[in-house]
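Residue numbers (this note's numbering): 7 to 676.
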Amino acid sequence: MKTAKAMKAVKAMNNPLTTEFSFKGVDLRLSLADSGVWRVQSKSGSSFDDMGAAQTLAKDLGEEYEKETLPFETVETDGKKRFVSGDGTAVEISGNAVIFFDKSSRPVRKITDINKAENCVTVSFAALPDERFYGTGERFDAVNQRGKKVNIYAVDRWCQTKGNSYIPIPFLMSSACNALLFNRYERTAFDICSSNKKTLTVGQFGAPLDLYIFTGDTPADILSAYCRLTGFAPMPPEWSFGTLVCRYHPEFQTKEGVFAMMEAMKKEGFPWDAVILEGFRPYKTENLPELKEICDRVHSEGKYAMVYEQCGRFPDKSEEYFGLDDSYAVNSDEGTYLSETSSFNLVDNFNKKKMRCIDLTSERSREKWKEYWNGYINDIGIEGAKIDFCEQFPDDPSIKFADGRNPAGAHHWYPTLYNTLQYRRFNTKSCGGVNFSRGGSIGAQRYPFVWAGDQRREFYFLKPVIRAVLSLGFSGVPFVSWDMAGYRASFNLYDKKHEDKVFIRGLEFTAFSANIQTHGNVKRPYDFDEHTKAVYRAYSNLHECLKPYIIEQASVTCVTGIPLMRHLIFHDPSDKNVFDIEDEYMLGCGLLVAPVLKRRKKRNIYLPKGKWIDIFSGKEYEGGRWLKNYRAPLESIPVFRLEGAKSACLVSSLESADKYIKDIAGLSGK
7 MKTAKAMKAV KAMNNPLTTE FSFKGVDLRL SLADSGVWRV QSKSGSSFDD MGAAQTLAKD
67 LGEEYEKETL PFETVETDGK KRFVSGDGTA VEISGNAVIF FDKSSRPVRK ITDINKAENC
127 VTVSFAALPD ERFYGTGERF DAVNQRGKKV NIYAVDRWCQ TKGNSYIPIP FLMSSACNAL
187 LFNRYERTAF DICSSNKKTL TVGQFGAPLD LYIFTGDTPA DILSAYCRLT GFAPMPPEWS
247 FGTLVCRYHP EFQTKEGVFA MMEAMKKEGF PWDAVILEGF RPYKTENLPE LKEICDRVHS
307 EGKYAMVYEQ CGRFPDKSEE YFGLDDSYAV NSDEGTYLSE TSSFNLVDNF NKKKMRCIDL
367 TSERSREKWK EYWNGYINDI GIEGAKIDFC EQFPDDPSIK FADGRNPAGA HHWYPTLYNT
427 LQYRRFNTKS CGGVNFSRGG SIGAQRYPFV WAGDQRREFY FLKPVIRAVL SLGFSGVPFV
487 SWDMAGYRAS FNLYDKKHED KVFIRGLEFT AFSANIQTHG NVKRPYDFDE HTKAVYRAYS
547 NLHECLKPYI IEQASVTCVT GIPLMRHLIF HDPSDKNVFD IEDEYMLGCG LLVAPVLKRR
607 KKRNIYLPKG KWIDIFSGKE YEGGRWLKNY RAPLESIPVF RLEGAKSACL VSSLESADKY
667 IKDIAGLSGK
């Protein structure tokens, strides 16, 4: 392959900002969106539509969305055109391919075919034989998606690990340090070397092609560029990195039940920072005086209170109590009562329900919704909400938004915008506010927390949670929580009988994450035997001691885009040994966590480059090697500190946790 320097130029154009060309009979436009980031668009009708997902979200949030493109040079020779950016990245166009080069003139992505049909644009890319593909949003079945067909469409798959997910994002990162973003909220379908082992094919449905190709030296470089386009995650409040107590049970629908939880946590010496009051839903108007009493009690103990809501839905008796009549709702040919999307999980509800949702395109409706929620924030005193069922908003062509926009893609756009607006509303509090949202798409990092949906308390579901977190990290979503050890009782006889074992293994890696969130109708931490409670006490307090380090690393995340809980490839993208590891992760830059996710007491562990110290035993290991059959009794989890990690407080955080580290060592194998 000739480089730009080696080519003899027969024609040059100085610094164009865009260039139009035809490839395989499809009219396209090329521009340089950012350093190392090229944008390829097809026409929508007779013109190009610059309002992709990132631009639409930014505009709806009142941000700058018309970003200037960068100039590039054009060189033509031997029937080929090459467009060269100031940083050395380039695009070469011939009759057979469109090839993208990184700044070292290495070809990193090749478009081999493109086809435009009535309602779909399909693009094919060549794939390297040993290339892995990560991302596409939240994925429970695997982190490396090569060999799979992935539908980018939000679906509530209750307690499932295959198929789609709550947070699908059409962003695909390669182990060869490049990435693709299909910048639309409409449905996208990826065939990732499934039908053809050498070819990656992507179909964009119901929208023109708006493709971003990212090049970079590292995955971190690529995520930073992605976040410059779609938004960086805001810094969550410090209390949200602690322990959040929630319960899916009637006992949490009364103040007596909530107060009993508070007393039990105090009695057992279990730390906690906030309560999520799922039983006190905003649309239960009769509960408001009791909700106020609970918030006052929680605040008196220096804790925080959140409620549960369903994404954008009108509350019951909304007109009678809140003045929310139909004029504030999204309208359609059916009226203001919309049919939930057909993706809604039938396990939870066998009959499709109707719902009314606030019209986010109407300034009048937004102000009314703000007034409604300000009552909860300012008068009652809540600090946030767990926002559920974000995948219910329908893709209905008859929907009529107040500003007249096309409803295509609203299934993904609506929850992403709604969650961001709600987060910003809660975050006006002096102590900070937060969402934990179950849904969205491009831009989901703006909330800034998502949670991983529904799992049963079984060993089977532990690894899928880690896969989901790592996949979201590759997709630009850096802060992920989950219902620790599952929220539903097991259907499996072994796991049901040995719930304590599943609980402990789930607890261990959750303690080395952004936060601990207890939830569900399963046993609570204080419902177990004394030994299990002692294990919980040690790990939950260890997590509290790690908060300074976690908060430090989270602040780095918010300016770089690199996820807090990350795949090992972020530590060393040149180490091919890490490409397929999906059951280890880095917490920040300095801790490697290798959880035990099955019914066993040993596991193999790979340590990448560096010097690593087991935080429990103090033993030191040189990286670039496997540790075979590493001992891990039920009560222990292998965790290693990287010597020389760029952290000002990792060592001091671990020193403050010394008592609990010793407690865990003493409990191990008992």
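C-beta atoms are modelled at their ideal positions from N, C-alpha and C, and glycine is treated no differently.
Asked	Found
Cβ-based neighbour list, residue 244, same chain, cut-off 8 Å, excluding 5 preceding and 5 following	438, 553, 557
C-beta atoms of residue 367 and residue 399 nearer than 8 Å	no
Burial state of residue 464 (16 or more Cβ within 10 Å)	buried
Beta-carbon proximity list for residue 656, same chain, < 6 Å, skipping 5 on both sides	555, 596
Residue ranges of each beta strand (DSSP E) within the segment 350–420, 3 or longer	390–394
Residue 309 versus residue 279 - alpha carbon distance	5 Å
Under 8 Å between C-beta atoms of residue 203 and residue 284	no
Option in 397, 601, 423 with minimal Cα separation from residue 469	601
Three-state class that DSSP yields for residue 80 in the structure shown	strand
Residue 97, DSSP secondary structure in three states	strand
Cβ shell of residue 666 (< 7 Å), same chain only, five flanking positions each side left out	544, 547, 548, 551
Residue 75 versus residue 67: straight-line alpha-carbon distance, rounded	21 Å
Buried versus exposed call for residue 375 [16 or more other C-beta atoms within 10 Å across all chains shown]	buried
Residue 632 classed as buried or exposed, judged by whether at least 16 other C-beta atoms fall within 10 angstroms	exposed
Residue 519 versus 35, 250, 64, 217, residue with shortest Cα-Cα distance	250
Selected residue, minimal CA-CA separation from residue 681, among 481, 135, 314	Missing from the structure shown is residue 681; the chain here goes from 7 to 676 and no further.
Within the segment 201–255, ranges of the alpha helix (DSSP H) (whole runs, at least 4 residues)	225–236
Inter-stretch contact at 8 Å, needing at least 3 Cβ pairs: the segment 488–498 / the segment 511–527	yes
Validate contact between the segment 219–237 and the segment 181–189 using beta carbons, cut 8 Å, 3 pairs	yes
Whole-Å CB distance - residue 288 paired with residue 321, under 8 Å assumed	6 Å
According to DSSP, residues forming a beta bridge with residue 314	392
Cβ neighbour criterion (16 or more within 10 Å) applied to residue 443	buried
Buried versus exposed, by CB contacts within 10 Å (16 or more), residue 122	buried
Cβ-based burial, residue 380 [other Cβ within 10 Å; buried from 16]	exposed
Same chain only: Cβ atoms within 7 Å of residue 640, ignoring 5 sequence neighbours per side	507, 510, 607
Buried versus exposed, by CB contacts within 10 Å (16 or more), residue 605	exposed
Beta-bridge partners of residue 53, as assigned by DSSP	50
Short Cβ contact (8 Å threshold) for residue 30 with residue 120	yes
Per-residue burial, residue 26 [other beta carbons within 10 Å of its own, 16 or more giving buried]	exposed
Buried/exposed call for residue 669, threshold 16 Cβ in 10 Å	buried
With 16 other Cβ atoms within 10 Å as the buried cut-off, status of residue 6	Residue 6 lies beyond the range of the chain shown here (7 to 676); nothing can be said about it.
Check whether residue 229 and residue 445 have beta carbons under 8 Å apart	no
Alpha carbon of residue 337 to alpha carbon of residue 63, nearest angstrom	21 Å
Nonlocal neighbours in the same chain, by C-beta distance under 6 Å from residue 49, ignoring five residues either side	33
Euclidean distance between Cα positions of residue 674 and residue 295	46 Å
Rounded C-alpha distance that separates residue 479 from residue 312	25 Å
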